[in-house]
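Chains as they are written, first to last, in my numbering: chain A, 190 to 554; chain B, 190 to 554; chain C, 1384 to 1788; chain D, 1384 to 1788.
Ideal placement from N, C-alpha and C gives every residue a C-beta, glycine not left out.
In what follows, a single structure is set out as structure tokens and then discussed.
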Amino acid sequence: MRFGLTEDQGLFGRSLRGFLADRLPLDALRRLAEPGTGFDAELWRGLGELGLHGLLVPEEHGGAGLGMLDAALAAEALGYHAAPAPFAAALVMAVQAFRSAGDAEQQRQWLPRIAAGQARIGLGFAGLAGQTGRAALRLEGGRLSGALDGLMDGGDATHFLAYLPDGRAALIEAGAPGVTATLRRSVDRTRALVDLDLAGAAPVALLQSSNDPLAAARRVRDAGRVVLAADTLGAAQNMLDRAVAYANERVQFGRVIGSFQGVKYMCADMATMLEPCRAMVWYAAYAQDAVPEEAAMAASHAKAHLAEVGREVARLATEVHGGMGFTDLLGLHYQFKRITFDRQALGGPERCRHDAAVAQGWIAA
Amino acid sequence: MRFGLTEDQGLFGRSLRGFLADRLPLDALRRLAEPGTGFDAELWRGLGELGLHGLLVPEEHGGAGLGMLDAALAAEALGYHAAPAPFAAALVMAVQAFRSAGDAEQQRQWLPRIAAGQARIGLGFAGLAGQTGRAALRLEGGRLSGALDGLMDGGDATHFLAYLPDGRAALIEAGAPGVTATLRRSVDRTRALVDLDLAGAAPVALLQSSNDPLAAARRVRDAGRVVLAADTLGAAQNMLDRAVAYANERVQFGRVIGSFQGVKYMCADMATMLEPCRAMVWYAAYAQDAVPEEAAMAASHAKAHLAEVGREVARLATEVHGGMGFTDLLGLHYQFKRITFDRQALGGPERCRHDAAVAQGWIAA
Amino acid sequence: MDLTLTPKHRALRDEVDAFIAAHRDAAPRPGGGRKRPDRKALDWQALLLEHGYFARTIPREYGGFGAPHDVIELAIIADAFSRAGISPGIHNQGISMLVPTLLEVGTEEQKRRWIGPTIRGEVIWCQGYSEPGSGSDLAAAQTRAAVEDGHFVINGQKIWTSSAHFADMMFLLCRTEPDKSKHAGLSYLLLPMNTPGIEVRPLRTMTGRAEFNETFFTDVRVPVDQIVMGRGDGWHVANVTLKYERMLLGDPNKLQQRLEAIRRMMEQPGADGARLLDRAEWRDRLLRLQGEVIAARNHNMRLLTETAEGVDSGLGRFIVKYHGTMLGHRLASLALDVMGSTGLLYEPQGEVAEDDPATTWQIDYMYDIGLIIGGGSSNIQKNIIGERGLGLPREPKAAVPAGRN
Amino acid sequence: MDLTLTPKHRALRDEVDAFIAAHRDAAPRPGGGRKRPDRKALDWQALLLEHGYFARTIPREYGGFGAPHDVIELAIIADAFSRAGISPGIHNQGISMLVPTLLEVGTEEQKRRWIGPTIRGEVIWCQGYSEPGSGSDLAAAQTRAAVEDGHFVINGQKIWTSSAHFADMMFLLCRTEPDKSKHAGLSYLLLPMNTPGIEVRPLRTMTGRAEFNETFFTDVRVPVDQIVMGRGDGWHVANVTLKYERMLLGDPNKLQQRLEAIRRMMEQPGADGARLLDRAEWRDRLLRLQGEVIAARNHNMRLLTETAEGVDSGLGRFIVKYHGTMLGHRLASLALDVMGSTGLLYEPQGEVAEDDPATTWQIDYMYDIGLIIGGGSSNIQKNIIGERGLGLPREPKAAVPAGRN
């Protein structure tokens, strides 16, 4: 009966961070980010060994059966270290998609493969989440055609889960006939987007077992928004930590710059904005599993608020670093761009706040 | 061919400020503000001697025939000193109302009386300007009935100019049968609002000679918005000036507080926001007379932007003064409340920006 | 994270709801705190204490209810009173600041003597911290207390003593060790306001009301044992109190109540029949603030848990006052904009009657700036956050006092 | 205030419009400035100079058009090119910063020698100001120039030299008088970039491109007469240049172009067929920025008038860089939000091809932070505004260098 992390959760977060700090020193990050696919086989394997692949997969399907709060902690760590690894779509949203709209057989077939790290699923929905770009898919005679832009975790994905306008989702193999997947390197080179062109592709699964497919899709969207918010929390915390460290070292005008109120207050402003976000992300994640009536509102608000705070922290932390913050040298920009990505994917703040209003019944959808 | 004030305008502004500084030391301001009517006969007379009453009245009707830029400079000076004197409605909007929708006879009859300081007209329109409160007037058989809230410059007014929903305006004598005027002291005790209840009151004039009465009414609204923006400019400049002076005097932690970057940057932020507003107000005022196609947009934008900047300056300048800023002792709050009034009257920023979008044809009215 | 309600919690929720339903007529109207509690408020307070809806976790021997710390219980109680719009009891500087200070650093005798009467609302305290020459620089306090035959003899002046005109007692920061360094020369005394030599003069603020006072001390004699901790420990004790003041001033429940009130206003049709809540630019502003209020409330839950578990929240606690007061002001700002020109009307009723909504919001809008400034201005808060929260270096001492350029 | 167009102005407007219509095919695409002007750009520049649409008020003897200062004329010309989306000519550090500096403090010979080739785009300059150890604290420059047989011999390192890899010349702030105080020991030299001993290394930024360089000096020899003003006057001259840099970085015409571009995006129907301009929360954000851009543009008109009339704008000028760069970043922020997830795509083309809109806006969004930092960071700007603009006292010298707590 408490508002906070369990000991296990604290341990999990720390061990994941330790792993990432070890695997992703700046030169390694630079190398892995270069291709812009958001995927590295070795890092992926390592994360799997830590149990990340099956984090949300129920134990009966070979996963750890943990909850969204654990997923948020993982996202925070990945954001902190700007890890080029599929997560939000491939390991959170896809699992939630199967759990909320897959039938027993589909779950039995696919969840173990996700947990084993074999199925890496890129995922996309357009209007429902506020994604921009092409979003015109039609399913006719069991064949899928049309275009869908901006699938998350699409780089080097084995499959794509494409949402239809009615909330059903079709799982497609990456190399199947009629499937053209174009990698779009994003400004955040640690996560890619993929544009999908389909010409009569045959889905390997159609998730349609929910009574209310749109509601099921919204739950997937909300899960995605929570982990993007958590990712921003981590990335922004990283930028703040480094700004404070830099302000404690750098000397100008004969003084450590952190002793100037100008710089100190920038850091204080960042901390004041960011610190309450931690509890907000915790609650939004927890609500997905435990407080269904607040889940949608909490997810959208967390996504919107973290986007606003993240943008401010990204700018201020860069400013504290002066010219060095603007160079490539310190690699501070990896987190900066992570925050950019999190904001623009799955609906910007205005869209998320709109969804929060709908979720509260203030306005019609 | 220049963007700036003429020598005469500079002189006019300075002499008006000199007069107000002389007439309104803090104890006098305190005394005049106490009743909350926004009117003092002696101050009114003095302003008349400086030519304020007839500032905008054409020379043929006994005025100075000056333009809106001159009116804006006057408003800025009045705002700077928080002068409890009718101006925006009584001496600017009312004159514009007669000029844009009064016939020759009405102008001949009323403009000289305004210029002489004999007719002090409170003015109100509701929906058209974004005023809130009651706004239900109807004219039947030459008699006016209904309620209209929030007439500006209504305290001790001799007449009220009440706008009808169709853009026509009825001039009513303050003491006439069927007229109940209730003084509402506003938070800004230097300017009052009046709520009007009319039961078959007989107008002494009906301004309806314009081809497009709504357009004529909008011009009056725009003139009002420009002078409220200018009033905020003056009040905010006053607060900034005093904050800087205080920061140069007050010692804390063994130093003049203005030497701390924390305080210095507050002042710098205020100046950075406020300084461009001056040219913006000048242009918006000038446009009313000389650039008709931009007049509405410029007026609404100036009103909205000054309201946003004014609110920030009001808070920051008070903060720079510390606890003293929050007391009644320094009288800083007169300007603070002046800014509050200017923001909430004649439509807040959201409403003004909406009107600016309409004026640019971005959306329908 | 475990916020599921146990059967015990559900029972408590039902119990509180039932209590409110049964006793709501006995409740004074919410707010107050700026005047001495009247009979109705005192009776209500006694009822709340009896049921453990107030001072729930304060030990029984000090007059509290003696329940173990449980964040959810506290949240359930606060939420029930907030939903019902019913006064959750008296909040004043004695209860919110002095009581936790005594619980943290007071002697057993001080706790037994003062906590009970204070939480019952019988003893009202005021705070003697700021001085005209030292607003932000509290440690520069010049009010002197010299020791003479077993008494401190106090001379000097305090300012911003908010309830001094009706308070029974004051907690006072004053200089008892003039030979010691600035911070080491202070002590924290407790003294009755009816002690001879104390003069209270009202201080009018920008709201037009006399919410504060100046308090003058002329040879005011206080027994030397009326001290919290020892001589020279005043700065330490004052900082304990300031910690609680920061929490009080950033109270997220107040923010939530404001947000709700604004939403209700925006649901009312305006003169043109339209609701502001249906206008996207207005709704978005409200939602943006709602997001911030949610963050503040969740953060508060985290802090309550950490407090209950004896964890030092550090940074998490330092930010509360700055964050909460700025957000409060922005909420009041939105409220004024929502009301528009009718929201300009302003006729404060003082202590005689209830203020109308326009006046109330205008007062909040201004008073919030007072809160941003008081209890350690935002700049002081940012120093604390930067230095104590983030470990940034202090401002170096100036070689020479800075003057004009 | 008199902005009415005289017949002469109307004639100019028609003339410029006709010029653009007749010659638009000869214009290079707008932008550039990050690479050496090609033949097309140089020819266009020559055409503009010939017609007085560039360097209009620079005296004929220095290569300009020699027209008297007329704010409206300049506004008419800028507006016409902006409306048509046609390049208004080359803008680089030599043209926008060094040329006005030489006009203000250069010798007659320097003006005659450098201004003409610079405004024609033949001579490209880079700026040698910042050093790794002194980014904000420019006056702490350590790059040394010792005098030996009629030459300065330069050793040291500069950073952020933006076009050093293709520049012909550099204006350099360096320490020639090591015995004098910090600010009095600097000089401002002009030197060819092909002087032996200069090494330029590209510096990659967060955009992924090498927009800047580090420049190293090893025994670089420059004749002693290649100096602007005298030895020890470098700080003064540098501040003249900085003044023009502040104006350049806060350019309101660029803000206006951005605003227009965003409005056009918002007028396009989205995937759901709706225009963002029809959504009030989006429109209000755009309008709010429009209000600020209007203020900046009007302010700029005022400054141009004051400059033309020889009035020292003081504060009005000091705020421009801080105001303009922050506003620019906020405009780019809105642009990203408008584009949403498709705006994440990022494939900079370097100098070979035009960037797509998403990439362009992402670069702007990041580059703007570089502009907020460069040319005197926002904190430096606030010091200047507070101290030189408002007359507040300088930061006192520290008694001891501030270290950790």
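Nearest candidate by alpha-carbon position, reference residue i, set the options
i        : options                               : result
P1740(C) : T1725(C), D1751(C) and I1752(C)       : T1725(C)
S289(A)  : A534(A), Q397(A) and A546(A)          : Q397(A)
E362(A)  : L387(A), R373(A), D338(A) and L382(A) : L387(A)
N1762(C) : V452(A), H490(A) and L340(A)          : V452(A)
I1579(D) : R1604(D), R1558(D) and L1555(D)       : This sequence places Pro at residue 1579(D); Ile is not what is there. Among R1604(D), R1558(D) and L1555(D), the Cα nearest to that of P1579(D) is on R1604(D).
G331(B)  : A324(B), A278(B) and A390(B)          : A390(B)
I1469(D) : V1399(D), D1602(D) and R1495(D)       : V1399(D)
Below-7 angstroms beta-carbon distance, residue i vs any chain C residue
i        : result
A1663(D) : yes
D1695(D) : no
D1667(D) : yes
E508(B)  : yes
A412(B)  : no
Assigned exposure category for residue i - 16 Cβ within 10 Å defines buried
i        : result
R1466(D) : exposed
A263(B)  : buried
I446(A)  : buried
D1408(C) : exposed
I552(A)  : exposed
D1695(D) : exposed
L1669(C) : buried
L382(B)  : buried
R1787(C) : Residue placement at R1787(C) cannot be trusted, given a pLDDT of 37 that sits under 50; the coordinates are not used to answer.
T1484(C) : buried
Q307(A)  : exposed
K492(A)  : buried
D544(B)  : buried
C-beta atoms of residue i and residue j nearer than 7 angstroms
i        : j        : result
A1438(D) : G1449(D) : no
Q1328(C) : Q1510(C) : Shown here, chain C extends from 1384 to 1788; a query on residue 1328(C) therefore has no answer.
T1743(D) : L1632(D) : no
F1595(C) : W1665(C) : no
G256(A)  : D478(A)  : yes
G344(B)  : L385(B)  : no
Within-7 angstroms CB hit, residue i to chain B
i        : result
R1747(C) : The displayed chain sequence assigns Asp, not Arg, to residue 1747(C). Not closer than 7 angstroms to any Cβ of chain B, the Cβ of D1747(C) fails to qualify, so no.
Q450(A)  : yes
P1784(C) : Low confidence applies here, because P1784(C) scores a pLDDT of 45, under 50, leaving its location unreliable and the question unanswered by this model.
H1619(D) : no
Y1512(C) : no
Residue-chain proximity (residue i, chain D), Cβ-Cβ < 7 angstroms
i        : result
R1787(C) : A caution first: R1787(C) carries a pLDDT of 37, below 50, which makes its placement in the model too unreliable to give a value.
Distance cut-off 6 angstroms: residue i Cβ against heavy atoms of the ligand FMN
i        : result
F1600(D) : By its list of ligands, the structure shown contains no ligand whatsoever, and the ligand FMN lies outside what it can speak to.
Proximity test, Cβ basis, 7 angstroms: residue i and chain A
i        : result
M1589(D) : yes
L1612(C) : The displayed chain sequence assigns Met, not Leu, to residue 1612(C). By this cut-off, M1612(C) is not an interface position.
### Cβ contact check for the segment 1564-1575 of chain C and the segment 1603-1622 of chain C: 3 or more pairs under 8 angstroms
yes
#### Entry: Inter-stretch contact at 8 angstroms, needing at least 3 Cβ pairs: the segment 1766-1780 of chain D / the segment 452-470 of chain B
yes
### Message
With three or more C-beta pairs closer than 8 angstroms as the rule, is the segment 262-280 of chain B touching the segment 407-425 of chain B?
### Response
yes
### Task
Decide if the segment 310-329 of chain B is in contact with the segment 349-356 of chain B; the criterion is three or more beta carbon pairs, one per stretch, under 8 angstroms apart.
yes
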